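Undergrad:
Chains as they are written, first to last, in our numbering: chain A, 10 to 501; chain B, 19 to 368.
This is how it looks when you write it as structure tokens:
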């Protein structure tokens, strides 16, 4: 309950602020040419990126999973790998190599290349989980491969596809670093500028309100589209692997297309990083600063991971063991909070702490709270899946064998959920380590993390100085990506 | 091991939606399971048999009534004894082995620390007829039937007062179900355990248990030996459920005589009313040249025997005959009744 309330702070903040300022002034603040321009920018970019990511994600997933493209395992790894490159690092890579990459086109290219795996990964998992018997039934009813794909396979992929596209949209609405570097203003970058330059609370809040509305619209849209239909696999037993489609003459040309994509998404940032590490004139490798930034990153991320996992435990427990309207609401509310961009959470916590508990302003505590709000759903998802591996019947058996509640938790439940607790904590750790926006707004004065150091260097165009931080950020993200891949595989 | 006695046990669940009444899942059940015997609780799904089992295990608390193991009341008087202090062996559906522990650790789970790796594990593996080499296997390396046996060994290892088996064979293949069922019954007898087996399969209930308790809509309809329940069912519905019997209207005659569409029959008891409902089990209907004419509607040939659906004077009837003697569908045969027939007063029609 408390956790859910915590997660709702930003929403409450935006809502109360809107009421306090009053509708008339809100109207004036929102309906300005500048805001309308931002709205157009944000919406067009979001729609374009979601569309491009969906097309790319589905096409690549199909190629890798269902055709005889050479070396599918290798492609799979390479296609997921861009997840390990934070979007702002990717943006930095492109901009630092070619200053002409900016505006809508540049943003579209860079963000799509960063985020298409969010669609690709769940679609691959769904394709793998699909019972080939369904497709075989469709063929036997006289449908061609193509008809079968559009009438049987695609509808089954819908939940994965919509979920992925939603994630792309939410990430994009929250994206600050990459878009700021690419000089394409959206709500998030504008809120940050507003906050940084004038500390104009009302204007920033009004824009945050619009941003929150966009996020909620996206969530609602996904819920409506997904509907309440179930896509369960009927029958038990292991699904067979379906026959791969022979590409024949298209095999190598398509392999070339995939290669090009991998080069763009992975090769460019790698090259840029190595390039700036090697030739960067401003890079004299400040080992001391690098170490202290790494140290504070590790401490903050560790605290964030610990706090978030602990907060996730009761939420997941309620959701799995005590299903009900209230508990579902609690669980959902944490997800809604996650749809809020880091910038809104940051802003809300700055204002809320200054108003209510000024002591915590500019402390690590407040930053950790922001991390809990931002990353709670990741931990909840992990812990939940773990708890589902530990059904109540096992507790009953343990009780009937004479084991008390505490001993059951120690001997049965904990060993079963420990891996997912660890995975959840690790995911949060890595997410915190590469988080930029809220960290920039809330980190205590004098504390610098890898992300903030990278940001101050790259936003001042000191590309060489930024390179070592970027490299460390990418290295930190690698294990998270591997974990994410595992989690997708575990899902039915 | 001890005897299990339930007296007037009831348990309701709150209504699931508005406008629905509370459901009485278990309604005033009184049942005695003697020491060292196996009782099958038989009933269709939703009859409350699993609820009954959960009440005995202590996962649920009864609204009224008492549950006792020998003289020790575990529910009904004062604070109910929590499950972990009841010493009840519980074998759930699908076994529910602890997935993070190997076979030996699963079996040893309920044993005191010192015994967990000792001879008791081998003893239990022997009891459930599994090779001792299975000690180190993980649950997912076992077949469904083997998992069930390990689950039973785990339940029996701490020498429980009562063993509860919740449809333990329903997830197994037909062939495996029978052999696992027999192995489990043997193991329970060898351990001299008091057992309660919940099932919806009447042949499983009849073949494995010493006592069959039939539950319908939460109420105990009849409890008795398998032969009692089969030969003298409490009401026509139970006769249909347990024996697959068909019922025919009939009229009482002198003493134990009666007449029906099949001609004159002998009753098990003197009739208590003039209008009767006779229940005739398929094994009582025989092909008989001296009998009445019947039309063969449908024949299900099983090899060793065959089920024949007949129409006799407007009434439908099922006969079970040996496979080679089965007639073909569409034929006209003559049939008669073998043995005494169970009769109930015919329901009054308005």
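For each residue, glycine too, the CB sits at the ideal point set by N, CA and C.
Remember, predicted model here, so these are calculated numbers, not experimental data.
Does the beta-carbon of residue 297 of chain A have 16 or more other beta-carbons within 10 angstroms, so that it is buried, or is it exposed?
TA: For the purposes of this step, residue 297 of chain A is taken as residue 288 along the first chain, with counting starting at 1. The residue in question, residue 297 of chain A, is exposed, as its Cβ has fewer than 16 Cβ neighbours within 10 Å.
Undergrad: Starting from the beta carbon of residue 106 of chain B, find every residue of chain A whose beta carbon is closer than 8 Å, and list them in chain order.
TA: Residue numbering aside, residue 106 of chain B sits at position 88 when the second chain is read from its first letter. The answer, in chain order, is 409.
Undergrad: Within 9 Å (strictly less), CB to CB, does residue 122 of chain B reach chain A?
TA: Stepping through the second chain from its first residue, residue 122 of chain B is reached at position 104. Output row for residue 122 of chain B: interface = no.
Undergrad: In terms of DSSP beta bridges, what is residue 24 of chain B paired with?
TA: As a first step, residue 24 of chain B must be located in the second chain, where it is residue number 6. For residue 24 of chain B, which the question treats as bridged, DSSP gives the partners B:49 and B:85.
Undergrad: Compile a chain-ordered list of the residues in the segment 310-343 of chain A whose CB is closer than 9 Å to at least one CB of chain B.
TA: none
Undergrad: Cα separation between residue 338 of chain B and residue 229 of chain B?
TA: The residue given as residue 338 of chain B occupies position 320 in the second chain. The residue given as residue 229 of chain B occupies position 211 in the second chain. About 26 Å.
Undergrad: Starting from residue 313 of chain B, trace the beta strand (DSSP E) in both directions and tell me its first and last residue.
TA: For the purposes of this step, residue 313 of chain B is taken as the residue at position 295 of the second chain. Per DSSP, residue 313 of chain B belongs to the beta strand (DSSP E) from 303-319.
Undergrad: Rounded to the nearest angstrom, what separates residue 73 of chain B and residue 134 of chain B at their Cα positions?
TA: The count along the second chain starts at 1 and reaches residue 73 of chain B at position 55. The count along the second chain starts at 1 and reaches residue 134 of chain B at position 116. Between residue 73 of chain B and residue 134 of chain B, the C-alpha separation is close to 29 Å.
Undergrad: Please go through the same chain and pick out, in chain order, the residues whose beta-carbon is closer than 7 Å to the beta-carbon of residue 371 of chain A, but skip the five residues on each side of it.
TA: Residue mapping note: residue 371 of chain A aligns to position 362 of the first chain, counting from 1. For residue 371 of chain A, where only same-chain residues beyond five positions count, the Cβ hits under 7 Å are 453 and 454.
Undergrad: At least one CB of chain A closer than 9 Å to the CB of residue 254 of chain B: is that the case?
TA: Locating residue 254 of chain B in the second chain gives position 236, where the first residue counts as 1. Answer no: the Cβ-Cβ gap between residue 254 of chain B and chain A never drops below 9 Å.
Undergrad: Going by the DSSP bridge assignment, what does residue 278 of chain B pair with across the sheet?
TA: Here the question's residue 278 of chain B lines up with position 260 in the second chain. Beta-bridge pairing links residue 278 of chain B to B:268 and B:281.
Undergrad: Any idea which residues DSSP pairs residue 30 of chain B with across the strands?
TA: Within the second chain, the letter at position 12 stands for residue 30 of chain B. Per DSSP, B:42.
Undergrad: Quick check on this structure: which residue in A:179, A:198 and A:256 has the alpha carbon closest to the alpha carbon of residue 231 of chain A?
TA: For this step, residue 231 of chain A is matched to residue 222 along the first chain. It is A:179 whose Cα lies nearest to the Cα of residue 231 of chain A.
Undergrad: Can you name the residues of chain A whose CB is closer than 7 Å to the CB of residue 118 of chain B?
TA: Residue 118 of chain B sits at position 100 when you count from the first residue of the second chain. Near residue 118 of chain B (Cβ distances below 7 Å), the residues of chain A are 424 and 425.
Undergrad: For my contact list, residue 252 of chain B and residue 61 of chain B are in at a C-beta cut-off of 8 Å; report their separation, rounded to the angstrom.
TA: By 1-based counting over the second chain, the position of residue 252 of chain B is 234. By 1-based counting over the second chain, the position of residue 61 of chain B is 43. That belief does not hold up - the Cβ atoms of residue 252 of chain B and residue 61 of chain B are roughly 13 Å apart, past 8 Å.
Undergrad: Can you tell me which of the three DSSP states residue 331 of chain A falls into?
TA: Position 322 of the first chain, counted from the first residue, corresponds to residue 331 of chain A. Correct three-state label for residue 331 of chain A: coil.
Undergrad: Which bits of chain A does residue 77 of chain B rub up against, with CB to CB less than 8 Å?
TA: Reading the second chain from its first residue, position 59 is the one you call residue 77 of chain B. In chain order: 405 and 408.
Undergrad: Among A:75, A:395 and A:97, which has the Cα closest to the Cα of residue 483 of chain A?
TA: By 1-based counting over the first chain, the position of residue 483 of chain A is 474. Ranking A:75, A:395 and A:97 by Cα distance to residue 483 of chain A puts A:97 first.
Undergrad: Quick check on residue 355 of chain B: does DSSP put it in helix, strand or coil?
TA: Along the second chain, one-based indexing puts residue 355 of chain B at 337. Note: residue 355 of chain B maps to strand in three-state DSSP.
Undergrad: Confirm, please, whether the CB-CB distance from residue 458 of chain A to residue 302 of chain A is below 9 Å.
TA: Residue mapping note: residue 302 of chain A aligns to position 293 of the first chain, counting from 1. Residue mapping note: residue 458 of chain A aligns to position 449 of the first chain, counting from 1. For residue 302 of chain A and residue 458 of chain A, yes; Cβs fall inside 9 Å.
Undergrad: So residue 330 of chain B and residue 358 of chain B are supposed to be a Cβ contact under 8 Å. How far apart are they, rounded?
TA: As a position in the second chain, residue 330 of chain B is number 312, starting the count at 1. As a position in the second chain, residue 358 of chain B is number 340, starting the count at 1. Not confirmed; about 19 Å, so no contact.
Undergrad: Let me know the secondary structure DSSP gives residue 58 of chain B once reduced to three states.
TA: Translated into positions along the second chain, residue 58 of chain B becomes position 40. Residue 58 of chain B: strand per DSSP, three-state reduction.
Undergrad: Quick check on the DSSP output: the beta strand (DSSP E) that includes residue 108 of chain B runs from which residue to which?
TA: As a working note, residue 108 of chain B is residue 90 in the second chain. Note, residue 108 of chain B: beta strand (DSSP E), 106-109.
Undergrad: Residue 114 of chain B versus chain A: which residues are under 9 Å apart at the beta carbon?
TA: Residue numbering aside, residue 114 of chain B sits at position 96 when the second chain is read from its first letter. Correct list: 400, 402, 403, 405 and 406.
Undergrad: Please compile the residues from chain D whose C-beta is within a distance smaller than 7 Å of the C-beta of residue 413 of chain A.
TA: Among the chains of the structure shown, chain D does not appear; the protein chains present are A and B.
Undergrad: Note down the Cα distance separating residue 353 of chain B from residue 325 of chain B, rounded to an integer number of angstroms.
TA: Locating residue 353 of chain B in the second chain gives position 335, where the first residue counts as 1. Locating residue 325 of chain B in the second chain gives position 307, where the first residue counts as 1. Computed Cα separation, rounded: 14 Å.
Undergrad: In the structure shown, what three-state DSSP assignment does residue 191 of chain B receive?
TA: On the second chain, position 173 is the one that residue 191 of chain B refers to. Looking at residue 191 of chain B - three-state DSSP - the assignment turns out to be coil, as it is neither helix nor strand.
Undergrad: Using a Cβ-Cβ distance under 9 Å, would residue 211 of chain B count as near chain A?
TA: The sequence position of residue 211 of chain B within the second chain is 193, counting from 1. No, no contact with chain A.
Undergrad: Against chain B, does residue 393 of chain A count as a neighbour if the rule is that its beta carbon must be under 9 Å from one of theirs?
TA: Numbered from 1 along the first chain, position 384 holds the residue referred to as residue 393 of chain A. Residue 393 of chain A does not count as touching chain B.
Undergrad: In the DSSP assignment, the beta strand (DSSP E) including residue 326 of chain B goes from what residue to what residue?
TA: The residue given as residue 326 of chain B occupies position 308 in the second chain. First-last of the beta strand (DSSP E) with residue 326 of chain B: 323-330.
Undergrad: Just reading off the beta strand (DSSP E) that residue 162 of chain A is part of, what are its end residues?
TA: Here residue 162 of chain A is taken as the residue at index 153 of the first chain, counted from 1. Unbroken run through residue 162 of chain A: none, as it is neither H nor E.
Undergrad: Check whether the Cβ of residue 423 of chain A lies closer than 8 Å to any heavy atom of the ligand GDP, and answer yes or no.
TA: Absent from the structure shown: the ligand GDP. Ligands present: none.
Undergrad: Using a Cβ-Cβ distance cut-off of 9 Å, determine whether residue 420 of chain A contacts chain B.
TA: The count along the first chain starts at 1 and reaches residue 420 of chain A at position 411. Yes, residue 420 of chain A counts as interfacial toward chain B.
Undergrad: Considering only DSSP beta bridges, list what residue 298 of chain B is partnered with.
TA: Sequence index remark: in the second chain, residue 298 of chain B carries index 280 (1-based). Residue 298 of chain B pairs with B:264.
Undergrad: So is residue 489 of chain A buried or exposed if we call it buried at 16+ other beta carbons inside 10 Å?
TA: The sequence position of residue 489 of chain A within the first chain is 480, counting from 1. Looking at its Cβ environment, which holds 16 or more other Cβ atoms inside 10 Å, residue 489 of chain A is buried.
Undergrad: What's the call for residue 22 of chain A, buried or exposed, on a 16-neighbour Cβ count within 10 Å?
TA: Within the first chain, residue 22 of chain A is the residue found at index 13, counting from 1. Buried: at least 16 other Cβ atoms inside 10 Å.
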